[in-house]
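Per the UniProt record's numbering, residue 1 is the first one in the sequence shown, and the count goes up by one each step. Note that CB positions come from ideal geometry on N, CA and C, so glycine has one too. A short write-up of the structure that comes next.
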Amino acid sequence: MTHPETEVTAELVRDLLRDQHPDLADRAVRFGARGWDNQLWRLGDDLAVRLPWATPSADAMLRKEHAWLPALAPALPLPVPVPQRIGEPSERFPRPWIVTTWVPGEPADRAPATDATDSADALAAFLTALHRPAPDGAPAGNYGRGGPLAATADRFAEGLASATEQGLLPDPDSVRAVWEDALAAPVWEGPALWLHGDLHPANVLTAGGTFCGVIDFGDLCTGDPACDLAAVWILLPDGAADRFHAAYRPAADDATLRRARGWAVARALGGILIGEAGVRGRPGGKPTWGPPAQASLRRLVATAGRPDRSPPQPREETAGTTTP
1 MTHPETEVTA
11 ELVRDLLRDQ
21 HPDLADRAVR
31 FGARGWDNQL
41 WRLGDDLAVR
51 LPWATPSADA
61 MLRKEHAWLP
71 ALAPALPLPV
81 PVPQRIGEPS
91 ERFPRPWIVT
101 TWVPGEPADR
111 APATDATDSA
121 DALAAFLTAL
131 HRPAPDGAPA
141 GNYGRGGPLA
151 ATADRFAEGL
161 ASATEQGLLP
171 DPDSVRAVWE
181 DALAAPVWEG
191 PALWLHGDLH
201 PANVLTAGGT
211 FCGVIDFGDL
221 CTGDPACDLA
231 AVWILLPDGA
241 ADRFHAAYRP
251 AADDATLRRA
261 RGWAVARALG
271 GILIGEAGVR
281 GRPGGKPTWG
291 PPAQASLRRL
301 VATAGRPDRS
311 PPQPREETAG
321 TTTP
């Protein structure tokens, strides 16, 4: 993580707008949120300014969003932050920045989806619309996203060892078994599809118990849809997976679901480690990431070995008897 010497303030944001987009400079500016890569400042009621504040790769991510997302957004059934303007590096601020539409909602790491039916339908519709063949020249994924799981094996092993040493996993062997099953699945041989690339709870918004928006397309990329289908175990409440799989098109085959579980278990491990760092007050830690990651891992381990990889349904109890 690196941090810029320039302190980002409302006054700086307004000055940047005056220099490069003066027609927007008179709008109210107020702090919105600080993410892993960027700071978000509200601009009036319907726009936002995103400025990179930490990771060096954020510059390229913002330019990628500006180049590709406006063409994808109209076909997506959930609101996304559509880039409207780009700001170039200057003496005031040495990095690029963008103006996007504002998407209201609460991040799912703070307000998880609770409506199994509506959230499964919303996620399936969003990924069905997004997962279309990408054109030549579309971006490849960072950190192996969209590619073969085997390329991320070393990172997974490091995360598993760290989480195990810290006592954060009730059953490390079951976690490893989910990963190894995913690695053994046949690789993706279909076309390179558009992917969000980073569908974790902090990047999906909720309202009324269901999803109402998807944000942060900095990892927008192409490749194997299993990378995004990991969201089934990461974002949805218990009992929603079957509904999602029935609605998502084209239906994912068993190999894709197995790879998706591998992406999900790796993402859950990352969330657990980042969440624990936040609990301990370490830089970069986010305590709200831990609980949804643990819930995701619980679902993944509970469904290990099931042919459809769906969570077991709760048993129905009637008249003092239990029926499977």
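Would you say L43 and V99 are within 8 Å of each other, going by their C-beta atoms?
Annotated as proximal: L43 and V99, with beta-carbon spacing under 8 Å.
Can you find the residues in the same chain that come closer than 6 Å, C-beta to C-beta, to Q39, ignoring five residues on each side of it along the sequence?
V8, L51, W53
Just to check my reading of the structure: F211 and S296 have Cβ atoms closer than 8 Å, yes? What is that Cβ distance to the nearest angstrom?
Not really, about 16 Å apart at Cβ, beyond 8 Å.
Going by C-alpha distance, which of A134, P250, F217, A124 is nearest A58?
Looking from the CA of A58, the closest CA among A134, P250, F217, A124 belongs to F217.
Short of 7 Å in beta carbon distance, which residues of its chain neighbour L160, apart from the five on each side in sequence? Order them along the chain.
P172, V175, R176, L269
For the beta strand (DSSP E) containing Q39, name the first residue and the last one.
38-43
Taking the alpha-carbon positions, what's the R30 to W41 distance?
6 Å
Comparing alpha-carbon positions, which option in R155, Q166, G137 lies nearest W194?
G137
Check whether the region 226-246 touches the region 106-124, counting contact only when three or more Cβ pairs, one atom from each stretch, lie closer than 8 Å.
Pairwise C-beta distances place the region 226-246 in contact with the region 106-124, as three or more of them are shorter than 8 Å.
Answer with buried or exposed for V80, where buried requires no fewer than 16 other C-beta atoms within 10 angstroms of its C-beta.
Answer is buried; the Cβ neighbour count reaches 16.
Any idea if P70 is buried or exposed, counting beta-carbon neighbours within 10 angstroms, 16 or more meaning buried?
exposed
Hey, could you find the ends of the alpha helix (DSSP H) W53 is sitting in?
Looking at the DSSP string, W53 is not in any alpha helix (DSSP H), and its letter there is neither H nor E.
Within 10 angstroms of its Cβ, does G190 collect 16 or more other Cβ (buried), or is it exposed?
exposed
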